[in-house]
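Visitor:
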Amino acid sequence: MTTSLANFGLGLHKSIKKSIAVILLVVMVISIVPLAFAERGDERGRSDVRVNSRMAIRASASADDDTDKNGDREDDDDNRVDVAVEDETRLRARGRGRSQERSRSEKSIIKSPMMPPGQWRKEYFHNQMKENHDELREVYDQCAAQCTTGDQDCQHTCQTSLQDKYQELREQMMQKMEVYQQDFVNTLPSWQESGQEGLWMPPEMMPPEVMEKIMEGDVFAEDLTGSTDAETRVRIRKQIKGQMKATLPASDEAFEKTRNELEEARNNYQLARKHYEEAQQRFAQQKGRLQGLHDDFKVCEKQSKKGDTESSECGETRKEFNKESKEFLLKTAELVYEAVNKVKQRISMSEELTAEEKQKMLEMFEQRMKDVDNAVVVVKSLDEPTPREEYRKAAKIIKETLQGIRFMLKQNVGVLAEAKLGNIISHLAKLKEQFEAKRDKLAEDGKDTASLDKSLKEFDSNVKLAQDLYLDAQVKFKQAKEKQSPELVKEAHELLKKSRYYVKEARNTLRSIVKELKNQGGMPSVIVPIPVPSGSAPQDVIVEDAEETETGASATVTSETESETEVAATSG
């Protein structure tokens, strides 16, 4: 009985295994069948799409032919192709290419407002420098990591390295732009002959002579009558022509000349600034050497006053100290030269001063620098046998000259800062008028302007405060010039600083005004551009001149130079 049950169970187990295997096989077959039908259906679907595409394109071509007969051709026939000639792959590729080209043309030329070449290049450089931000940051971080806490000289060196890297990247971008323009000029003849655009370039970036040639006639349609490519390009060219007339300067030659002069002035300023920083480093090194000898020299001087016989070591110390004193006075004069040259270059590149104002300021510096030249002649005449009294006289000449230079530096830097700030305040005043006109229009339309009125009131208050402080600074500068008073110059700088603060506050309020106008659909169509206020951006030249002249050039040539000149002059 037990054996029979065991055999029965074993047979049942085998039957179940066979049944499971059969079921799995059936499930697998069933799952494969829908996939096969789906693939076949997908192929049929794609075939239907291709057939429908052919029919649609032929229908479009037929409709366009009918439109041509009626003399009412539309401008959207760029994508028509001959299906009988091209296979389906080329049709799809060409359709995508045409679509992308038309989209690019519409976005960059038709829909976007044209920018003058100078503004386009500014935007181009701005975007490129954003891309290079990480590289610039890495240069600075690697340098700063080697500096100890509180090491100002090391941090200054890192800033110089960062500026050098920026100049390097900027020059690379200029070279790329020149190469790109040259490639465009070289491909233009073949482009005109074949109708194929080998290199696309924004109109703002085109050389003026090329843009003029393109605008002269139907250069694209001469040998391509009936070509949709030619018709499209002629249509776009006409739109470019109207927009470029409104944006290009009256004289391309005059514009290029002005742009080149401004670019040269900026390069000269950067070079003068670099030379000034190098002169600062040489001055600091010479100052350290002189201070190192000063203590030993004092010991020898005490022995000499007591009537003791001067040792050979004291004799060598005296010779070395006289030599380093002479070199220190020359390095001081060199620092003054570079400080003045930096301010002169800043005057030359100023866009706020007139040509007469620039000439007058530069002539004043030239006259003052003659005093420095005379002092240098006296210093160079000093030699080993020269008595210490002569060193004192030379040091006194240098000191008096530096005092006059310091006053001129602060005064003229103040004039530059004043002119820049006045230009900014003028822009803000124009914006206030535009915004008030838009506010009145919104009020007439029945829109709520309570929030806008509050922002405009705050904006107007800040602009008026900035303007009042600016006018007070002008009075102070005028009085300082008449009385030759450094104290009045300092007061004028303080007034300009306060005025810049309210300019910043006005710009902050400006953001909320623009946001409110956008929300209510009353944004002005033309916005007067606002320059960045002095002091809000590290790269602003005015801030650097105002602060560096106070804490750099003028402070160096007064506090450090005068005290150390006393060391060189009175130690004998």
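If you use my numbering, the sequence shown corresponds to residues 160 to 731, in order. Ideal Cβ placement from N, Cα and C applies to all residues, glycine included. These numbers come from a predicted model, not from an experiment.
Is the beta carbon of Leu521 closer than 9 Å to that of Glu483?
Guide: Taking the first residue of the sequence shown as position 1, residue 483 is located at position 324. Taking the first residue of the sequence shown as position 1, residue 521 is located at position 362. No, the Cβ-Cβ distance between Glu483 and Leu521 is not below 9 Å.
Visitor: Start and end of the alpha helix (DSSP H) containing Asp532?
Guide: Here residue 532 refers to the residue found at position 373 when the sequence shown is read from its first residue. That run of the alpha helix (DSSP H) goes Ala514 to Lys539.
Visitor: Anyone know if the C-beta pair for Asn621 and Val673 falls short of 9 Å?
Guide: In the sequence shown, counting from the first residue as 1, residue 621 sits at position 462. In the sequence shown, counting from the first residue as 1, residue 673 sits at position 514. The answer is no: Cβ separation not under 9 Å.
Visitor: Write down the C-beta distance between Val499 and Ile564 rounded to the nearest angstrom, noting that I regard them as a contact closer than 8 Å.
Guide: What you label residue 499 is simply residue 340 of the sequence shown in a count that begins at 1. What you label residue 564 is simply residue 405 of the sequence shown in a count that begins at 1. Yes, they are in contact, since the Cβ atoms of Val499 and Ile564 sit about 7 Å apart, within 8 Å.
Visitor: Using a 10 Å radius around the Cβ and a threshold of 16 neighbouring Cβ atoms, would you call Ile739 buried or exposed?
Guide: Residue 739 falls outside the range modelled here, since the chain spans only 160 to 731, and no answer is possible.
Visitor: On the three-pair Cβ rule with 8 Å, is the stretch 546-561 touching the stretch 578-594?
Guide: No contact exists between the stretch 546-561 and the stretch 578-594.
Visitor: Rounding to the nearest angstrom, what Cα-Cα distance links Val535 and Val634 in this structure?
Guide: Against the sequence shown, residue 535 aligns to sequence position 376. Against the sequence shown, residue 634 aligns to sequence position 475. For Val535 and Val634, the distance between alpha carbons rounds to 36 Å.
Visitor: Let me know the secondary structure DSSP gives Lys177 once reduced to three states.
Guide: In the sequence shown, residue 177 corresponds to position 18, counting from 1. Correct three-state label for Lys177: helix.
Visitor: Which residue comes first and which comes last in the alpha helix (DSSP H) that contains Ser509?
Guide: Taking the first residue of the sequence shown as position 1, residue 509 is located at position 350. Neither: Ser509 is in no alpha helix (DSSP H) and is coded neither H nor E.
Visitor: Pick helix, strand or coil for Thr668, following the three-state DSSP scheme.
Guide: Mapped onto the sequence shown, residue 668 falls at position 509. Three-state DSSP puts Thr668 in a helix.
Visitor: Please classify Ala639 as buried or exposed, where buried requires at least 16 neighbouring CB atoms within 10 angstroms.
Guide: Taking the sequence shown and counting its residues from 1, one reaches residue 639 at position 480. With 16 or more Cβ atoms within 10 Å of its Cβ, Ala639 is classed as buried.
Visitor: Taking Cβ positions, are Leu669 and Phe618 nearer each other than 9 Å?
Guide: Taking the first residue of the sequence shown as 1, we reach residue 669 at position 510. Taking the first residue of the sequence shown as 1, we reach residue 618 at position 459. Cβ atoms of Leu669 and Phe618: closer than 9 Å.
Visitor: Helix or strand or just coil, what does DSSP make of Ala304?
Guide: Counted from its first residue, the sequence shown places residue 304 at position 145. In the structure shown, Ala304 sits in coil (DSSP, three-state: anything other than H, G, I, E or B).
Visitor: Residues in the same chain with beta-carbon distance under 7 Å from Glu650, minus the five sequence neighbours each way, listed in chain order, please.
Guide: Taking the first residue of the sequence shown as position 1, residue 650 is located at position 491. Result list for Glu650: Lys635, in chain order.
Visitor: Go ahead and pull the three-state DSSP assignment for Gly605.
Guide: Counting from 1 along the sequence shown, the entry for residue 605 is found at position 446. Gly605: coil per DSSP, three-state reduction.
Visitor: Should Ala553 be labelled buried (16 or more other beta-carbon atoms within 10 Å of its own) or exposed?
Guide: Locating residue 553 in the sequence shown gives position 394, counting from the first residue. Looking at its Cβ environment, which holds 16 or more other Cβ atoms inside 10 Å, Ala553 is buried.
Visitor: So, helix, strand or coil for Ser470, using DSSP?
Guide: In the sequence shown, residue 470 corresponds to position 311, counting from 1. If DSSP states are grouped into helix, strand and coil, Ser470 belongs with coil.
Visitor: Any idea if Glu733 is buried or exposed, counting beta-carbon neighbours within 10 angstroms, 16 or more meaning buried?
Guide: In this structure the chain extends from 160 to 731, so residue 733 is not present and cannot be described.
Visitor: Cutting at 6 Å between CB atoms, please list the residues of its own chain near Ser178, excluding the five before and the five after it.
Guide: The residue labelled residue 178 in the question sits at position 19 within the sequence shown. Same-chain partners within the cutoff: there are none.
Visitor: Once you ignore the five residues that flank Lys324 on each side, which residues in its own chain have a CB closer than 7 Å to its CB?
Guide: For the purposes of this step, residue 324 is taken as the residue at position 165 of the sequence shown. Here the set comprises Leu295 and Val298.
Visitor: Sorted by chain position, which residues of the same chain lie with C-beta nearer than 8 Å to Ser610's C-beta, five sequence neighbours on each side aside?
Guide: Position 451 of the sequence shown, counted from the start, is the residue given in the question as residue 610. Cβ neighbours of Ser610 beyond the five flanking positions: Glu675.
Visitor: Should His315 and Glu436 be called a contact, given that it needs their Cβ atoms to be closer than 9 Å?
Guide: By 1-based counting over the sequence shown, the position of residue 315 is 156. By 1-based counting over the sequence shown, the position of residue 436 is 277. Against a cut-off of 9 Å, the Cβ pair of Glu436 and His315 comes out as a contact.
Visitor: Just checking my contact of Glu595 with Leu624 at CB under 8 Å: how many whole Å lie between their CB atoms?
Guide: Position 436 of the sequence shown holds residue 595. Position 465 of the sequence shown holds residue 624. Incorrect: roughly 18 Å between the Cβ atoms, too far for contact.
Visitor: Inspect the beta-carbon positions of Gln504 and Arg432 and report whether they are closer than 9 Å.
Guide: If you number the sequence shown from 1, residue 504 lands on position 345. If you number the sequence shown from 1, residue 432 lands on position 273. Contact: yes.
Visitor: Relative to the C-alpha of Cys459, which residue among Glu479, Asp599 and Leu655 is closest?
Guide: Translated into the one-based positions of the sequence shown, residue 459 becomes position 300. Residue Glu479 is the option with its Cα nearest to Cys459.
Visitor: Based on Cα-Cα distance, which residue from Arg598, Gln518, Gln626 and Asp604 lies nearest to Lys613?
Guide: Locating residue 613 in the sequence shown gives position 454, counting from the first residue. Nearest of Arg598, Gln518, Gln626 and Asp604 to Lys613, Cα basis: Arg598.
Visitor: Residues in its own chain within less than 6 Å of Lys501 by CB, not counting five upstream and five downstream?
Guide: On the sequence shown, residue 501 is found 342 positions in, with the first residue counted as 1. Ala431, Arg432 and Tyr435.
Visitor: Would you mind working out which of Lys529, Asp627 and Gln562 sits nearest Ile584, comparing C-alpha positions?
Guide: Locating residue 584 in the sequence shown gives position 425, counting from the first residue. Comparing Cα-Cα distances from Ile584 to each of Lys529, Asp627 and Gln562, the minimum goes to Asp627.
Visitor: Assuming the contact rule is C-beta atoms closer than 8 Å, Val531 and Thr560 should be a hit. Round their C-beta distance to whole Å, please.
Guide: By 1-based counting over the sequence shown, the position of residue 531 is 372. By 1-based counting over the sequence shown, the position of residue 560 is 401. Right, the Cβ-Cβ distance comes to about 5 Å (below 8 Å), so this counts as a contact.
Visitor: Would you report the Cα separation of Gln112 and Gln593, rounded to the nearest angstrom?
Guide: Absent from the structure is residue 112, since the part of the chain shown begins at 160 and ends at 731.
Visitor: In whole angstroms, give me the CA-to-CA distance for Asp607 and Tyr629.
Guide: As a working note, residue 607 is residue 448 in the sequence shown. As a working note, residue 629 is residue 470 in the sequence shown. Answer to the nearest angstrom: the Cα atoms are 35 Å apart.
Visitor: Taking Lys591 as the reference, give the member of Gln322, Asp310, Arg666 and Asn419 with the closest Cα.
Guide: Along the sequence shown, read from residue 1 onward, the residue named residue 591 stands at position 432. Of Gln322, Asp310, Arg666 and Asn419, the residue nearest in Cα terms is Arg666.
Visitor: Distance, Cα to Cα, Lys656 vs Arg329?
Guide: As a first step, residue 656 is located in the sequence shown; it is residue number 497 there, counting from the start. As a first step, residue 329 is located in the sequence shown; it is residue number 170 there, counting from the start. Cα to Cα, the separation comes out at about 31 Å.
Visitor: Are the CB atoms of Lys539 and Leu494 nearer to each other than 9 Å?
Guide: For this step, residue 539 is matched to residue 380 along the sequence shown. For this step, residue 494 is matched to residue 335 along the sequence shown. Not closer than 9 Å, so no.
Visitor: DSSP state of Asp455, grouped into three classes?
Guide: In the sequence shown, the residue the question calls residue 455 occupies position 296. Note: Asp455 maps to helix in three-state DSSP.
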